[in-house]
Every structure is written in C-alpha cells, then in structure tokens.
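**Q** The opening position of the sequence shown corresponds to residue 1 in UniProt numbering, with each subsequent residue numbered one higher. We treat Cβ as the ideally placed atom computed from N, Cα and C, and that holds for glycine.
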Amino acid sequence: MKVSTLRPAWPFLLLVLAIAAVYLPGRGGGFAFDDFPNIVDNAALHVTNWDRHAWMAALFSSNAGVGHRPLAMATFALNHLATGLDPVPMKLTNIAIHALNACLVLCLLRTLLALAVPAIDARRREWTARFAAAAWALHPINLMAVLFVVQRMESLCHAFVFAGLWLYLLGRQRQLAGDAGGGWRILIGVVGGTALGALCKESAALLPLYAACIELCLFGFRDARGARDRRLLGFFGIVLVLPAMLGSAWLLSRALAPHAFARRDFTLVERLLTEGRVVLDYVRWSVFPSLRQFGLYHDDIAISRGWWNPPATTFAFVALAAFAAIAFALRKRRPLVALGIAWFFCAQLLTATVVPLELVFEHRNYFASLGICLAVADFLLLSPQRASVRRIGALLAVSWLLFLGMTTCLRALEWKDPVRFAISEMSRHPASPRTVYQLGQTMATLSDGTRDSAATRAAFAALERAHRLPDSGILPAQGLILLAARTHGPVDDAWWDEIDHRLATDPIGPQELGAMNALTRCAVSKLCDFPPSRMMAMFATAMGRGDNAEVLNVFGNYTLNVLGQPSFGEFAWRKSVALSPNNAQYRINLAKLLIALDKDDEARGQIAALRGMGIPGQYEQAARDLEARMAKRNPAAGPAAGRGD
C-alpha cells in the first residue's frame, strides 16, 4: 500500500490503538449494578436462535426509557446469541463502539474547526482536532460508558449523535459555500441521527439543540450571502422549538405529579438544588480529573436541602452562572470556547433537571465532556498568538492528554477484577453506603459457606460497616441476613427490625423492592430458612404503605412457593395485574398459577391480554409457552385462541 494512501488513515489508527491500549485491561471484569436487571436477569434478552417472536421480546425487554431502547437491546441480544452471558465480549463490543465514536468525533471536529476558524492554517487546525478527539476518547469520565456494560445504551446512542452533527456540519459547509445539496445532509443528520439515537437512549433528543448551539455560536443561522436563512430557522422551529415545548410540558407534568418522587429520598426542589453542585463537580472532574473523585456510586454526595444547606449549593450556582456568562462574553472572540461550554450545559438538561433520576452518574457526561475538551483545545492550541506561548500551550496539551490516558488506564485496571474493583471503590468512597455494601457482596460471593473463612469475615465486616453509615438504607441489613443464613449462623433480630423500620419510613423504591426480592428468592430456593413470622411481618409493613404492584408480586411468590398457600398467591398476583396491567411478567405469573389451578378459561383470558400488549408479536413467544404449559397439563385443553402468524 502506498504511503499516500496510509497518511489520511493514520490519525484514526493511532486513536483506535490508544483506546485499545487504555481500555483493554478492563475487559476482564464482571457485570455491575444495572447490568443485572437489564442483561443478566432479563430472560427475554437471552435469545438462542433467530425466532422472530423471541427477538421481538428481546428488543423491547428493557423497562428503561419510554421507547424501551430496542436498538441497544438488539446488540446485547446479539452478544448473547454469540457468546452467552460472558461479559468480556460485551465489553469488547463497547470498546469497539467507543473507538468508532472517537473516529466520528475526529471527523466532526475537523469539519467544525474548518468552518469556525478558517483563517488559522490547516495544519494547526488538524492537530487541534486530533488533540480534542484524543482527549475525549481517553478521558476517565467516559470510562463508565465503556466498561459498564449496560451503558452501551449511552455510547451507541451518541454514535448517531456524532454522525448526525457531522452530517449537519457538512450540509452547512455546502450551504455557506453556495453549493446545492446541503439541505439533505442537514435533514438526514439531525432527524435521522435523533431518531436512530433515540432507539438506543433518549439522550439523542438533544442533538437538534447541539446543532442550534453551533448556529448560535458560529454561523448565526445565516446563508452564503450573510442573511438570515428563513428556511433554516423554520427547520429548527420544527425539529427543536416545537418538540422542546411539547417535551418540556410532558416532563413537567410527570415531575409535578404527586407521586413523582415517592421512590426517592429527595424532592423536586432538592434535586434541582443538588444538581447545581453535581454539575459543578462534573466540570471539576472533566478539567482536573483524579482517581479519588471517580466511582460507580456517588451516594456519599449530600443532598441539598436548601440554598445554604450546605452552603456550597449557592456557591455552585454562582459558579455555573459565571461559566454561562463567560460563554456569552466569549461568543464573538472565542466562539469555540463558547460552543464547548454551551454543549456542556445543554448535555445536562435531561439528567440534571426535573426527571426523577438518581443524582450522579459519570456516564452522563459522554457528550458533555466533548464540550470541555473542545474549550480546552481552543484555549491551549488556538488562542495563543505568539510562538513561545503556543509552545507552552502545546506542552500543556500533551501533558493533559497523557494524564487523561494514564488515569483512564489505571481505572480500567481496577475494573478488570471484581474484588480489586470493590476494594478500590471503597477506598475512594468510604462514606458511600452502596460502595461499602458492594464490597461486602463481592466478598460474600467468595465465601465457602463457612463462618470462619477469611472471605466470610471480610464480608460481614464490610456489611456491618455499611449498616452503620448514615442513610445506609435497607440493603446492608438484607445482606447481613442473607450472609448469616447461607453460612448457617445466627440471624440478629436487630437486622430484621432494621428491615421493618426501613420499609415503614423510607420510600418503597428499587432498593427496598430488591431487598424483599432477594430474601424471598433465597427462601424459595431453600438456601435460607427464614422465620415465616419475620417474612410476613416484612410484607405487612411494606403493604401497609399502600398498594404496590411489585410488593404484591413478591408477596405472592413467597406465599405460594414457601408457605404453600396458592389462594394468597392468586390474590396477590391478581391485584398486581390490576395495579399494573401493562406489566407482562405479572400476567405471565398469574397465568401460570391459573393453569396450575385448572382455571383454564381465566388463563386464556390472561394469555389473550398478553398478546395484546406492547409491540405486535412482542409477547407471542411467552403466550405460546403458556399455551404449551396448558396443553401439557391438560391435552384436551388445546391452544388458546389468539393472533396467529
């Protein structure tokens, strides 16, 4: 191959090689946190053939997001079809997606700089684009979007966002040059990128806003003659302003609903106040990253209960306002700095405002960090005028880039081993109940089932420590009960009392439901012999907080499979279906029980309702499995009537 053919490709090859060198050490770690409900425990995702009904179920098996993120789920299903539940190929896929994104970012930045600063020589622009792309690709704040398997949703979504913005810039480049054909690139880039990205995660909805930021900071919505382009303004009115108005109204109506934050330990106002400090932390972690700052869990960050509680709340909003003012002031002199800051703030609109999500996750900065890298690149490599200052800027840029790569590589080395990961996370966040609890859980998996093993003692020590932390929640007490039962030791009544206290006072959220589920599964599997009085007291406390479909679902599982009381199980599962009629698993559970109780007509009704749920064909395989179960128990029953092929 000729050298001239290789030359355009070598920056991309070096970028991919750098990503591989930094991230491949972390491929050996296991699953974590949200990987379990979305991938490991998601039976519908575990396809083993090309049956279309099984694939429909897999594509729409995620409960995350309003659209179920089918494109991202399809990639997880393909991973499972090829290599089963092996996390290594899944992480390798994530690394490949991140490498693709880095190449797209380089293309995007090359075009952006050519349009934004055409007076600067091409060689300088090229090196600035390479630096910014490499800094983003190697930035440690993006590691969770790569090695945290389920966050493929975030990285894959942004593959379409980056491609869409690049197409948008190519279209505007043609328009500003007075050439035809730019409009189609703009349309495909913005509309197509948003639509395809939204099939992976809702973050793609911000793509039109990112494009509008480019116009506000660089082009001013002008055409080749310098006049306002009415067609472009109308385009943004359709793809940005109207959807933003409708989307904001929808999100606000949900956020202001009486029970919107019932499962959180903060209110809407407290969330907004806390996010000011969180976003400022994101800025700090992006510009001055440190291993001690990063982590899977950040529940050790205090909730802001008022403007001065803690006082850092007010200072954070003052600092953020100052950043916004700087961006506005620099929009003429340093438009790329202004654009970078604008991109950073816009990227926080979905996750740092009114949506009742958890407060802090690093992967939410997958796009926002690009804004920071762009601003830093402009400041270090494009703004200096004198040669001596340029050399200093280049030296600082190289030093920062090497520091980013080293920090990410060290984090990846921690992720390669679950025990090392749990220990390192706890050492950085000793006040995080989740982090300390996770260390206890990790050590418990290494236990040989005896009380005297080193792993068991370490697990008890970590769980006890988590239990003593403020705002530790229900999980440490649940972990202590499970570990004591599995190692055939005494279960302290204080742990059961803590379970009851938490269920009586804390919001019934994912942790509380997960704790009840874990205790019930252990009892159903006969690995744990819990006192029925304690289990029933736990359920009574939870059900006393009001109707909750999942609490009733778990209660039905316990009464049916542990106490052997099908009447209680039937009552609980019927009520679960009534409270949450669109939950397919509740209907499947109830239908299985009705079949076992010879209530075939009612079972057929549940099967018919199941077929009518979701996307056409989504639950066809589950319906056929239920019919096969009915036919096997009673051959005369025959298949239930339903939609055919």
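(1) Would you please state the rounded distance, in angstroms, between the beta carbons of L207 and G220? I believe it to be under 8 Å.
(2) Please report the distance separating the alpha-carbon of F76 from that of D223.
(3) Check whether the Cβ atoms of E362 and N142 sit closer than 9 Å, and answer yes or no.
(4) Give the single residue among L251, L216, H98 and N101 whose Cα lies nearest to the Cα of E202.
(5) Tell me, to the nearest whole angstrom, how far the beta carbon of G193 is from that of A163; I am working on the premise that it is less than 8 Å.
(6) When you compare only the Cα positions, how much space is there between R271 and L256?
(7) What are the complete alpha helix (DSSP H) segments, minimum 4 residues, inside the stretch 99-151?
(8) In whole angstroms, what separates the C-alpha of D542 from that of G371?
(9) Looking at F367 and W400, is the spacing between their C-beta atoms short of 9 Å?
(10) Taking three-plus beta-carbon pairs below 8 Å as touching, is the stretch 583-594 in contact with the stretch 549-556?
(11) Given that a residue counts as buried once 16 or more other Cβ atoms are within 10 Å of its Cβ, and exposed if not, what is K575?
(12) Go through the stretch 290-364 residue by residue and report every complete run of the alpha helix (DSSP H) that reaches 4 residues or more, in order.
(13) Of all the options I615, V360, A387 and G306, which has the alpha carbon lying nearest to the alpha carbon of Y297?
(14) Write down the C-beta distance between G339 and C522 rounded to the nearest angstrom, noting that I regard them as a contact closer than 8 Å.
(15) If I follow the unbroken alpha helix (DSSP H) through residue 668, where does it start and stop?
(16) List the whole-angstrom C-beta distance separating V40 from L85, where the pair is believed to meet the contact cut-off of C-beta under 8 Å.
(17) So, A466 versus D300, is the Cβ gap smaller than 9 Å?
(18) Look up R27 in the DSSP assignment and say whether it is helix, strand or coil.
(19) What three-state label does DSSP hand residue 650 in the structure shown?
(20) Given a threshold of 16 other Cβ atoms within 10 Å of its Cβ, counted over all protein chains shown, does M245 qualify as buried or as exposed?
(21) Roughly how many angstroms separate the alpha carbons of N582 and A18, rounded to a whole number?
(22) Flag this pair as yes or no: are the beta carbons of E627 and L593 separated by less than 9 Å?
(23) So within the stretch 538-576, which uninterrupted alpha helix (DSSP H) runs reach at least 4 residues, ignoring any that extend past its ends?
(24) Skipping 5 residues on each side, what residues in its chain have a beta carbon closer than 8 Å to that of I595?
(25) What's the C-alpha gap between F266 and I186?
(26) By DSSP, does R451 sit in helix, in strand, or in coil?
(27) Under DSSP, the alpha helix (DSSP H) around R225 begins and ends at which residues?
(28) Shortest alpha-carbon distance to A195 belongs to which of L71, A477 and A459?
(29) Alpha carbons only, please: which of S525, I499 and G183 is nearest the one belonging to A537?
(30) Please work out which residues of its chain come closer than 7 Å, Cβ to Cβ, to Y619, disregarding the five sequence neighbours upstream and downstream, and give them in chain order.
(31) On the premise that V190 lies in contact with A177, defined as a C-beta separation below 8 Å, what is that separation, rounded to the nearest angstrom?
(32) Take every Cβ of the stretch 406-417, pair it with every Cβ of the stretch 271-285, and state whether three or more of those distances are shorter than 8 Å.
(33) Thinking C-beta only, is G276 closer than 9 Å to R231?
(34) Distance check for L108 and L100, CA to CA, integer angstroms please.
(35) Can you look up T408 in the DSSP assignment and give me helix, strand or coil?
(36) Can you give me the C-alpha to C-alpha distance between R263 and R225, rounded to a whole angstrom?
**A** Checking against the coordinates, here is how it stands:
(1) Here residue 207 corresponds to residue number 207 of the sequence shown, with the count starting at 1. Here residue 220 corresponds to residue number 220 of the sequence shown, with the count starting at 1. Not quite, the Cβ-Cβ distance comes to about 20 Å (not below 8 Å), so this is no contact.
(2) For the purposes of this step, residue 76 is identified with residue 76 of the sequence shown, where counting begins at 1. For the purposes of this step, residue 223 is identified with residue 223 of the sequence shown, where counting begins at 1. Between the alpha carbons of F76 and D223 lies a gap of roughly 43 Å.
(3) In the sequence shown, the residue the question calls residue 362 occupies position 362. In the sequence shown, the residue the question calls residue 142 occupies position 142. Taking 9 Å as the Cβ cut-off, E362 and N142 qualify as a contacting pair.
(4) As a first step, residue 202 is located in the sequence shown; it is residue number 202 there, counting from the start. It is L251.
(5) By 1-based counting over the sequence shown, the position of residue 193 is 193. By 1-based counting over the sequence shown, the position of residue 163 is 163. Right, the Cβ-Cβ distance comes to about 6 Å (below 8 Å), so this counts as a contact.
(6) Residue mapping note: residue 271 aligns to position 271 of the sequence shown, counting from 1. Residue mapping note: residue 256 aligns to position 256 of the sequence shown, counting from 1. For R271 and L256, the distance between alpha carbons rounds to 13 Å.
(7) Counting whole runs of 4 or more residues, the stretch 99-151 contains the alpha helix (DSSP H) stretches 122-138 and 144-147.
(8) Taking the sequence shown and counting its residues from 1, the one referred to as residue 542 is at position 542. Taking the sequence shown and counting its residues from 1, the one referred to as residue 371 is at position 371. Checking the displayed sequence, the identity of residue 542 turns out to be Ala instead of Asp. Between A542 and G371, the C-alpha separation is close to 45 Å.
(9) In the sequence shown, the residue the question calls residue 400 occupies position 400. In the sequence shown, the residue the question calls residue 367 occupies position 367. Contact flag unset, no.
(10) yes
(11) The residue labelled residue 575 in the question sits at position 575 within the sequence shown. Classification of K575: buried, given that the 10 Å Cβ count is 16 or more.
(12) 312-329 and 335-346
(13) On the sequence shown, residue 297 is found 297 positions in, with the first residue counted as 1. The option with the nearest alpha carbon to Y297 is V360.
(14) The sequence position of residue 339 within the sequence shown is 339, counting from 1. The sequence position of residue 522 within the sequence shown is 522, counting from 1. Note that residue 339 is Leu in the sequence shown here, rather than Gly. L339 to C522, Cβ: 53 Å. No contact.
(15) Residue 668 falls outside the range modelled here, since the chain spans only 1 to 645, and no answer is possible.
(16) Against the sequence shown, residue 40 aligns to sequence position 40. Against the sequence shown, residue 85 aligns to sequence position 85. That pair is a contact at about 6 Å.
(17) To locate residue 466, count along the sequence shown from 1; it is residue 466. To locate residue 300, count along the sequence shown from 1; it is residue 300. Annotated as distal: A466 and D300, with beta-carbon spacing of 9 Å or more.
(18) Here residue 27 corresponds to residue number 27 of the sequence shown, with the count starting at 1. Of the three classes helix, strand and coil, the one that applies to R27 here is coil, per DSSP.
(19) The first residue shown for the chain is 1 and the last is 645, placing residue 650 beyond what the model contains.
(20) Position 245 of the sequence shown holds residue 245. Around the Cβ of M245, a 10 Å sphere holds fewer than 16 other Cβ atoms; the residue is exposed.
(21) In the sequence shown, the residue the question calls residue 582 occupies position 582. In the sequence shown, the residue the question calls residue 18 occupies position 18. Each residue's CA atom was taken as its position, placing N582 and A18 some 46 Å apart.
(22) Residue 627 sits at position 627 when you count from the first residue of the sequence shown. Residue 593 sits at position 593 when you count from the first residue of the sequence shown. Cβ atoms of E627 and L593: not closer than 9 Å.
(23) 549-561
(24) Working through the sequence shown from its first residue, we reach residue 595 at position 595. Once the five neighbours on either side are set aside, the close Cβ partners of I595 are A603, L626, R629, M630 and R633.
(25) Here the question's residue 266 lines up with position 266 in the sequence shown. Here the question's residue 186 lines up with position 186 in the sequence shown. The straight-line gap from Cα to Cα measures roughly 41 Å.
(26) As a working note, residue 451 is residue 451 in the sequence shown. R451: coil per DSSP, three-state reduction.
(27) As a position in the sequence shown, residue 225 is number 225, starting the count at 1. Looking at the DSSP string, R225 is not in any alpha helix (DSSP H), and its letter there is neither H nor E.
(28) Position 195 of the sequence shown holds residue 195. Out of L71, A477 and A459, L71 has the C-alpha closest to the C-alpha of A195.
(29) Within the sequence shown, residue 537 is the residue found at index 537, counting from 1. That would be I499, whose Cα lies nearest to the Cα of A537.
(30) Indexing the sequence shown from 1 puts residue 619 at position 619. In its chain, beyond the 5 residues on either side, A57, A584, L610, R611 and M613 have a beta carbon closer than 7 Å to the beta carbon of Y619.
(31) Working through the sequence shown from its first residue, we reach residue 177 at position 177. Working through the sequence shown from its first residue, we reach residue 190 at position 190. That belief does not hold up - the Cβ atoms of A177 and V190 are roughly 19 Å apart, past 8 Å.
(32) no
(33) Locating residue 231 in the sequence shown gives position 231, where the first residue counts as 1. Locating residue 276 in the sequence shown gives position 276, where the first residue counts as 1. No, they are not a contact pair.
(34) Sequence index remark: in the sequence shown, residue 100 carries index 100 (1-based). Sequence index remark: in the sequence shown, residue 108 carries index 108 (1-based). Approximately 12 Å between the Cα atoms of the pair.
(35) For the purposes of this step, residue 408 is taken as residue 408 along the sequence shown, with counting starting at 1. In the structure shown, T408 sits in a helix (DSSP, three-state: H, G or I).
(36) Here the question's residue 263 lines up with position 263 in the sequence shown. Here the question's residue 225 lines up with position 225 in the sequence shown. About 55 Å.
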